[in-house]
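> Here you go, one structure.
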Amino acid sequence: MGKATGFLDYERKDNGDIPPAERIKNFNEFHTPLDEAERKKQAARCMDCGVPMCQSAICLKGMVTGCPLHNFIPEWNDALYKGQFDMAAWRLLKTSSFPEFTGRVCPALCEKACNCASEGQAVSVHDNELYIIERAFESGYMKPEPPKNRSGKKIAVIGSGPSGLAAADWLNRRGHSVTVFERDDRPGGLLMYGIPNMKLDKKYIDRRVKLMKDEGVEFVLNANIKSQAEAKKILDGFDAVCLCCGAKKARALTVPGIQAKGVYFAVDWLKSITKSLLDSKLSDKSFVDAKDKNVIILGGGDTANDCAGSAIRLGCKSVTQIEMMPCPPTERAADNPWPEWPKVLKVDYGAQESIYKFGKDPRVWKTTIKEVYAKDKNISGVKTVQVEFKNADGKRTLCEIDGTEKDLPCDLLLIAAGFLGAEEEAPKAFGVPLSARNTVQTVEQGKYQTAVPKVFSCGDMRRGQSLVVWAIAEGRECAREVDQYLMGYTSE
-1 MGKATGFLDY ERKDNGDIPP AERIKNFNEF HTPLDEAERK KQAARCMDCG VPMCQSAICL
59 KGMVTGCPLH NFIPEWNDAL YKGQFDMAAW RLLKTSSFPE FTGRVCPALC EKACNCASEG
119 QAVSVHDNEL YIIERAFESG YMKPEPPKNR SGKKIAVIGS GPSGLAAADW LNRRGHSVTV
179 FERDDRPGGL LMYGIPNMKL DKKYIDRRVK LMKDEGVEFV LNANIKSQAE AKKILDGFDA
239 VCLCCGAKKA RALTVPGIQA KGVYFAVDWL KSITKSLLDS KLSDKSFVDA KDKNVIILGG
299 GDTANDCAGS AIRLGCKSVT QIEMMPCPPT ERAADNPWPE WPKVLKVDYG AQESIYKFGK
359 DPRVWKTTIK EVYAKDKNIS GVKTVQVEFK NADGKRTLCE IDGTEKDLPC DLLLIAAGFL
419 GAEEEAPKAF GVPLSARNTV QTVEQGKYQT AVPKVFSCGD MRRGQSLVVW AIAEGRECAR
479 EVDQYLMGYT SE
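Each residue of the sequence shown is one higher than the last, beginning at -1 in this note's numbering.
Next comes the structure, spelled out in structure tokens:
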């Protein structure tokens, strides 16, 4: 695959970045693609490794490595290297519904399992994928292809996040009539309102949704299905229903003073910014501004990083991320060998921008918030304390370290501490039981059909909070199961 000696001849080269000094002035995407000649060299680095771990999605020590979509990575890298761009796109789209999304926001599980990564730098699979799909759109290869025949079956997809879009797209291509119900004013779910614009420009979601509409998928917006009457109407009017509403029930912080004004869940805050940006380029001021504020973010994941980048773009006075876990090592530990997921320190764009703007990494490790201070009911500061995990009575317990309390000024506190499963309204309306983890319970483990006749579920709503690539993979697998249920067989 690729050039036989490509991984020896060429060094890895990633897409470029607009410098922090420039990119923090707006909410535009800031990655700059390589030219065609350099991109072909990067594809040439994909070697004929025999066992392509990149497409395996195997679980090692509780962590998945390799692509959950099982993309034909060596095949489309080979086509890209040879300049067979339509062939590369055809191979990519065989397994991946939306490469333009994963090529921007996926943490590249494929690259962590790449054989080149065992002794050096992984193939730039993530950037190659994005190049292939964007070229396909630019060249006209991506055009509406409505199914030639319709099955006569009608399917309702509740939720238009990555799993819902993937299920709808697959089922429509199979010839079923699909209607997507979205409670927000724009389709996209997490993609639209959970991920900031500089990470995923919303024009790419609009482009894909338009393509799906041109292929026959119907979208109904501002449709919050939360009552039994609404659910019954859908059940009576459709042959199958897919619940794809995500896992947006945020984990709250329960400490003294938390009711102060100026405390928000991170995703709600990010949504308000994106909506204002799309509606009015922020001129309507309908979001909670971070300008000249001391911003503290509880959490150390991708959402917290997105909050840091957004706060800096809005002109915050300072930004601090509180993370209860210890700082990871900068290199793989001996007990974390390839091809396991590398548990190493990641300095993402928000941290990079904080280092530029304020001269330091915003993350404070092994720490949590103990109390929130308020002045005239508005948040004015927080008390933090260092923590560590200890084993007590066979249980791993988070314990405070005495004498490590510290007061920090805070005008805006954003809670990015993860999620507690699905919101209950939609499952309750359809009569679908929830698991102990507050996710939709299916009849069989690893399957998508619920105990309620003709109701299926997939994505974060079924598996719990996860990655966009997993949501797409689940949407596709759920669609196959729905197809089997409706037709007695499936084509793939």
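All C-beta atoms, glycine included, are put in the ideal place defined by N, C-alpha and C.
By the three-class DSSP mapping on this structure, what secondary structure does Thr488 have?
Coil.
> Between Leu412, Gln257, Asn26, Cys114, which has its C-alpha nearest Arg320's C-alpha?
According to the sequence displayed, residue 320 carries Ile and not Arg. Nearest option by C-alpha distance: Leu412.
> When the Cβ atoms of the segment 161 to 177 are set against those of the segment 36 to 52, are three or more pairs found closer than 8 Å?
With the cut-off at 8 Å, the segment 161 to 177 and the segment 36 to 52 do not touch.
> Short of 7 Å in beta carbon distance, which residues of its chain neighbour Asn436, apart from the five on each side in sequence? Order them along the chain.
Excluding sequence neighbours, Asn436 sits near Lys247, Leu418, Gly419, Ala420.
> Assuming contact is defined by CB atoms lying nearer than 8 Å, are Leu198 and Val103 in contact in what I supplied?
Yes; because the gap between Cβ atoms is below 8 Å, this pair is in contact.
> Do Ala424 and Leu241 have their C-beta atoms closer together than 8 Å?
Cβ atoms of Ala424 and Leu241: closer than 8 Å.
> Would Asp277 be called buried (16 or more neighbouring beta carbons within 10 Å of its own) or exposed?
Exposed is the call here.
> Do you know how far the Cα of Gly81 is from the Cα of Ala134?
Whole-angstrom Cα-Cα distance: 12 Å.
> Just to confirm, are Gly4 and Ala55 a CB contact at a threshold of 8 Å?
Contact flag unset, no.
> Between the alpha carbons of Pro327 and Asp300, how many angstroms are there, rounded?
For Pro327 and Asp300, the distance between alpha carbons rounds to 18 Å.
> In whole angstroms, what is the alpha-carbon distance linking Asp125 and Gly101?
Approximately 6 Å between the Cα atoms of the pair.
> Is Asn170 helix, strand or coil when you go by DSSP?
DSSP places Asn170 in helix when its eight states are reduced to three.
> With DSSP collapsed to three states, give me the class of Leu406.
Note: Leu406 maps to strand in three-state DSSP.
> Would you mind giving the Cβ-Cβ distance between Ile367 and Val261, rounded to the nearest angstrom? I have them listed as a contact below 8 Å.
Their Cβ separation, rounded to whole angstroms, is 10 Å, which puts Ile367 and Val261 out of contact at 8 Å.
> Assuming Val293 contacts Ser316 (C-beta within less than 8 Å), just tell me the rounded distance between them.
With a Cβ gap of about 7 Å, Val293 and Ser316 count as contacting.
> Between which two residues does the alpha helix (DSSP H) harbouring Lys39 extend?
First-last of the alpha helix (DSSP H) with Lys39: 34 to 42.
> I need the DSSP call for Thr440, collapsed to helix, strand or coil.
Strand, per DSSP.
> Can you tell me which of the three DSSP states Asp359 falls into?
Three-state DSSP puts Asp359 in coil, outside helix and strand.
> Applying the 10 Å Cβ sphere with the 16-neighbour rule, what's the burial state of Val345?
The residue in question, Val345, is exposed, as its Cβ has fewer than 16 Cβ neighbours within 10 Å.
> Thinking C-alpha only, which one of Asp374, Asp183, Thr318, Met323 is nearest Gly357?
When only C-alpha atoms are compared, the closest one is Thr318.
> Nearest CA to the CA of Ala19: which residue from Ser489, Glu329, Arg311?
The shortest Cα separation from Ala19 among Ser489, Glu329, Arg311 belongs to Arg311.
> Below 8 Å on the Cβ atoms is my guess for Ser455 versus Thr440; work out the distance and round it to an integer in Å.
Yes, they are in contact, since the Cβ atoms of Ser455 and Thr440 sit about 7 Å apart, within 8 Å.
> Excluding the five sequence neighbours on either side, which residues of its own chain have a C-beta within less than 8 Å of the C-beta of Val62, listed in chain order?
The residues are Ala55, Ile56, Leu107, Trp339.
> Rank Val438, Cys408, Tyr487, Tyr202 by C-alpha distance to the C-alpha of Glu136 and give the top, closest one.
Of Val438, Cys408, Tyr487, Tyr202, the residue nearest in Cα terms is Tyr202.
> Tell whether a beta-carbon distance below 8 Å holds between Pro145 and Gly187.
No. Outside cutoff.
> Taking the C-alpha atoms as reference points, what is the distance between Arg172 and Ser489?
Cα-Cα distance, rounded: 8 Å.
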